[in-house]
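One structure is given below, encoded as structure tokens.
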Amino acid sequence: MIEEIKKLLKFPKNISILIHRNPDGDAIGSSLALKKYLEKKNHTVQVFAPSEYPHSLLFLPEIDTVMITDEEQEDSERIISRADVIFCLDFNALDRIDKIDHAVSNNTKAVKIIIDHHLDPEPFADFIISDTEASSTSEMIYQFIADLGDLHLMDPIIGEYIFTGIITDTGSFRYGTRPETYEVAAALKKVGVDDYFIQDKITNSLVEMNLRLLGHCLANRMEVLEDHRAAYIYLTKKDYKTFDIKRGDTEGIVNYLLMMKNVDIAAFIMEQPTIVKISLRSKGDISVQEMASRHFRGGGHKNASGGGVYAKLEDIINRFKEVVPNYASKTQLL
Ligand code: 5GP
Ligand code: MN
């Protein structure tokens with residue numbers, strides 16, 4: 000497969016790179032890294048995200064070159080329709096890119112390549128590079144460049160993008176790592192990546208309102224289900240107004256629940272204008288991926304998943320409480 004891709008990329012091509020809605024550090028990091036690498040190989044490259052990226056990533060050079068397809072639907076469709084190659088990074092199903100999915104499926108002449116670390120990739124591409132053990136898609140991009148024999152093109156900027164993806168998807172090397180994750184990180188540091196700078200930008204990016212919102216979540220919106228070693232936080236539409244919550248402001252709050260030693264399953268349930276979104280996290284062998292796909296029209300990874308349902312906030316809270324014993328019982332036996 001890699002030989003065929005190598006042949007495909009031998010001569011300059013028009014390349015579109017797509018990432019998922021609400022892109023995180025890994026989606027943005029992997030796509031900008033691949034873009035910069037492909038540009039060094041003389042390709043013409045455009046990155047597309049369906050919606051805005053978090054402000055904490057604004058320090059990344061060239062992040063402003065990412066086209067937001069919600070805002071520039073027609074131009075995006077036009078560019079994607081002309082692409083010779085389409086890369087889909089950090090997502091496993093076309094519904095993760097929403098309205099822009101037609102632009103991908105309508106372009107029947109482009110070669111489509113998925114590079115992703117989520118479980119069960121949908122077979123919508125010509126080449127699927129799937130590694131569910133990888134910490135991040137960014138880690139896979141490093142390997143991809145290595146497999147193409149181009150590690151000599153690695154530089155501090157490409158390295159910064161990849162490092163950003165790795166630390167955002169592993170909570171700064173706390174989960175989802177494997178030996179290769181550290182090997183890639185070490186190699187990046189060797190080419191001159193400033194890891195301290197990136198860690199600081201990613202971790203210390205909050206403003207006062209973020210901490211006040213966190214305080215509100217923990218003091219007024221948190222419930223612990225002791226019998227099932229689970230806990231959840233919910234936010235109402237009114238909370239969104241009161242705290243003027245924007246996309247990305249709630250990121251990471253769910254992880255606080257797992258800081259309790261008697262909690263193995265955490266949910267963050269958000270009442271949005273039309274749907275209720277749920278973020279799920281778990282410790283160890285408990286699969287919230289299964290919970291998300293069975294009960295909340297979503298998916299993701301074993302220990303970090305999410306979904307969204309057209310329903311009332313109370314219904315989703317009740318659904319979580321109803322199903323959680325099925326997942327919790329396994330750990331209580333331990
Ligand atoms: P988060 O809770 O941070 O929004 O998402 C955690 C992980 O769950 C993401 O990396 C993604 O893999 C997955 N995820 C979140 N929302 C959805 C969704 O609506 N559908 C699917 N299939 N996966 C989701
Ligand atoms: Mn990822």
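Using my numbering, read the sequence shown as starting at 0 and increasing by one per residue.
Backbone N, C-alpha and C fix where the C-beta goes; we use that ideal spot for every residue, glycine too.
These figures come from a predicted structure and were not determined experimentally.
A direct Cα-to-Cα measurement between H294 and E313 gives close to 15 angstroms. The beta-carbon distance between A102 and N13, rounded to whole angstroms, is 14 angstroms. This is too long to meet the 8 angstroms contact definition.
Not a single heavy atom of the ligand 5GP lies less than 7 angstroms from the C-beta of H294. Sequence-distant Cβ neighbours of V110 in its own chain, meaning closer than 8 angstroms and more than five residues away, are L7, D83, V84, I85, D125 and F126.
Scanning the region 104-133 from its first residue to its last, the whole beta strand (DSSP E) runs of 3-plus residues come out as 110-115 and 126-129. Checking the 7 angstroms criterion, the Cβ of S278 is out of range of every heavy atom belonging to the ligand MN. Relative to the Cα of E70, the nearest Cα in the group I78, F58, E51 and T241 belongs to E51. For R280, the beta-bridge partners assigned by DSSP are A265 and A303. Remark: C-beta atoms of Y326 and M269 do not approach each other more closely than 8 angstroms. Within the region 196-282, the runs of beta strand (DSSP E) at least 3 residues long that lie entirely inside it are, in chain order, 221-224, 229-234, 264-270 and 275-281. If you draw a straight line from the Cα of P272 to the Cα of K236, it comes to about 7 angstroms. The closest CA to that of R246, considering only K5, V44, P22 and E2, is found on P22. In this structure, I165 places its C-beta atom within 8 angstroms of the C-beta atom of V183. In the structure shown, I18 falls within a coil segment according to DSSP collapsed to helix, strand and coil.
For the pair I274 and G24, the Cα-to-Cα distance works out to about 24 angstroms. At a cut-off of 7 angstroms, the beta-carbon of S135 counts as near the ligand MN: some heavy atom of the ligand is closer than that. Boundaries of the beta strand (DSSP E) harbouring I85: V84 to L88, taken from the DSSP string. No heavy atom of the ligand 5GP is found nearer than 7 angstroms to the CB of H227. In the DSSP assignment, M66 is bridged to F47. Here the alpha carbon of L152 sits roughly 29 angstroms from the alpha carbon of Y174. In the DSSP annotation of this structure, the continuous segment of the alpha helix (DSSP H) that includes L33 starts and ends at G24 to K39.
In the same chain as M66, and ignoring 5 residues on each side of it, the C-beta atoms closer than 8 angstroms to its own belong to Q45, V46, F47, A48, D74, S75 and I78, in chain order. By the Cβ neighbour-count rule, D89 is buried, with 16 or more other Cβ atoms within 10 Å of its own. Rounded to whole angstroms, the separation of the alpha carbons of M208 and H42 is 42 angstroms.
Close CB contacts of S80 within its chain, under the 8 angstroms cut and outside five residues either way in sequence, are with A102, N105 and N106 (chain order).
Under a 10 Å Cβ-count criterion, T249 is classified as buried, with 16 or more other Cβ atoms of the shown protein chains found around its own Cβ. DSSP places G298 within a strand segment (E or B) once states are collapsed to three. Not one heavy atom of the ligand 5GP falls within 7 angstroms of the beta-carbon of R318.
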